[in-house]
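*Asks:* One structure, pasted below without further comment.
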Amino acid sequence: MELSVVIPVRNEAPNIAPLVGEIRAALDGRYDYEILYVDDGSTDGTAASVKALARGLPRLRLLRHARSHGQSAAIRTGLKAARGQFIATLDGDGQNDPADIPQLFEMARTAPRDPPLLVAGLRLKRRDTAAKRVVSRVANGIRARLLGDATVDTGCGLKVMRRDAMLDLPFFDHYHRFLPALVLRSGGRVVSVPVNHRPRHSGRSNYGVFDRLWVGIVDLLGVMWLQRRGSRPELLAEEPAAEEASAPQRLHSPVP
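When we follow my numbering, the leftmost residue of the sequence shown carries the number 176, and every step to the right adds one.
Quick look at the structure:
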């Protein structure tokens with residue numbers, strides 16, 4: 176399978192069917208793909224909505240956490256269960272536009288395997304509240320200055336990367352907001368691509384503005400620690416085993 180679209184959700188029942196419809200419109204007939212919802216302990220009808228659609232869509236899958244563990248844990252669960260060579264992460268609130276997935280996916284799959292490439296969405300015109308935009312702008316500025324990840328918008332949920340490369344990255348709670356810095360730490364590359372961003376039409380955000388800001392400061396210090404403790408050994412060509420190198424050459428006599 177080429178692509179797994181991993182969508183972490185919590186209490187997003189009204190947004191399930193519209194988003195699945197848009198993903199199908201963007202990907203059907205173009206790629207061999209699956210849609211993998213990870214329900215992070217929802218208390219509404221999110222799981223029931225996915226199950227109802229999955230009856231007629233074998234490529235639609237549902238994984239469920241018994242209780243909420245956060246967005247990063249849900250993404251990690253999806254990564255482990257995914258069948259695709261590439262992963263596209265997508266927010267489940269409908270603010271990311273699935274029509275942007277093909278562009279990011281084409282860039283990722285045509286890039287060399289080494290160094291690994293993360294293609295990240297860049298929301299030029301955010302459709303969020305003024306408070307969210309201000310806090311995000313401040314947080315992105317501080318993060319970029321301290322981590323040097325050269326990424327304007329790390330909070331965009333739309334990202335595409337090879338599954339094996341994503342699984343190699345260090346995991347911790349809220350790590351999804353630091354993927355560019357973690358990719359650069361591992362020797363990879365990051366490319367930001369402008370994408371569409373839309374207002375939320377149903378439900379409400381699971382994150383408070385100031386809660387997110389405080390958690391971001393704590394995680395920022397942790398990622399700075401990871402950067403300083405990381406190393407990328409330069410691998411030389413593999414050498415023959417000692418026994419093979421020291422074994423005497425046999426002389427073959429001509430067959431009479």
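Each residue gets a CB set at the ideal place from its N, CA and C atoms; glycine is no exception.
Identify the continuous beta strand (DSSP E) that holds SER367 and give its terminal residues.
*Replies:* Bounds of the beta strand (DSSP E) holding SER367 are 364-370.
*Asks:* Within 10 angstroms of its Cβ, does PRO431 collect 16 or more other Cβ (buried), or is it exposed?
*Replies:* With a pLDDT of only 47 at PRO431, under 50, the local geometry of the prediction cannot be trusted, and no value is derived from it.
*Asks:* How is LEU297 classed by DSSP in three states: helix, strand or coil?
*Replies:* Residue state, collapsed to three classes: strand.
*Asks:* Exposed or buried, what is LYS255 when buried is set at 16 or more other beta-carbons lying within 10 Å of its beta-carbon?
*Replies:* exposed
*Asks:* Along the chain, where does the alpha helix (DSSP H) containing PRO277 start, and where does it finish?
*Replies:* Its alpha helix (DSSP H) spans residues 276-284.
*Asks:* What's the gap between the Cα of VAL384 and the Cα of VAL294?
*Replies:* In this prediction, VAL384 scores a pLDDT of 49, lower than 50, which makes its location untrustworthy; no coordinate-derived value is stated.
*Asks:* With distances taken Cα to Cα, identify the nearest neighbour of ALA274 among GLU197, GLU414, THR221.
*Replies:* GLU197
*Asks:* If you draw a straight line from the alpha carbon of PRO193 to that of GLN246, how long is it in whole angstroms?
*Replies:* 21 Å
*Asks:* Identify whether GLU209 lies in helix, strand or coil by the three-state DSSP scheme.
*Replies:* strand
*Asks:* Report yes if the CB atom of PHE353 is closer than 9 Å to the CB atom of ASP328, and no otherwise.
*Replies:* Their beta carbons are not under 9 Å apart, which means PHE353 does not touch ASP328 by this criterion.
*Asks:* Take the Cβ of SER179 as the centre, count every other Cβ of all protein chains shown within 10 Å, and call the residue buried at 16 or more, exposed below.
*Replies:* buried
*Asks:* Quick check: ARG185 and GLY220, are their CB atoms within less than 9 Å of each other?
*Replies:* The Cβ-Cβ distance between ARG185 and GLY220 does not fall below 9 Å.
*Asks:* Report buried or exposed for THR326, applying the criterion of at least 16 other Cβ atoms within 10 angstroms of its Cβ.
*Replies:* buried
*Asks:* For ARG364, which residues from the same chain have a beta carbon less than 6 Å from its beta carbon, with the 5 sequence-adjacent residues on both sides left out?
*Replies:* PRO290, LEU292
*Asks:* Which residue from PHE347, ASN271, GLY231 puts its Cα closest to that of LYS334?
*Replies:* ASN271
*Asks:* Roughly how far, in whole angstroms, is the beta-carbon of GLY449 from the beta-carbon of ARG338, given that I think they are within contact range, below 8 Å?
*Replies:* The chain is shown from 176 up to 431; residue 449 falls before or after that span and cannot be answered.
*Asks:* Opposite PRO183 in the DSSP bridges: which residues?
*Replies:* VAL213
*Asks:* Measuring only the C-alpha atoms, how far is SER367 from ASP268?
*Replies:* In a straight line, the C-alpha of SER367 is about 21 Å away from that of ASP268.
*Asks:* For HIS376, collect the residues of the same chain with a Cβ closer than 7 Å to its Cβ; drop the 5 residues on either side in sequence, then sort them by chain order.
*Replies:* GLY269
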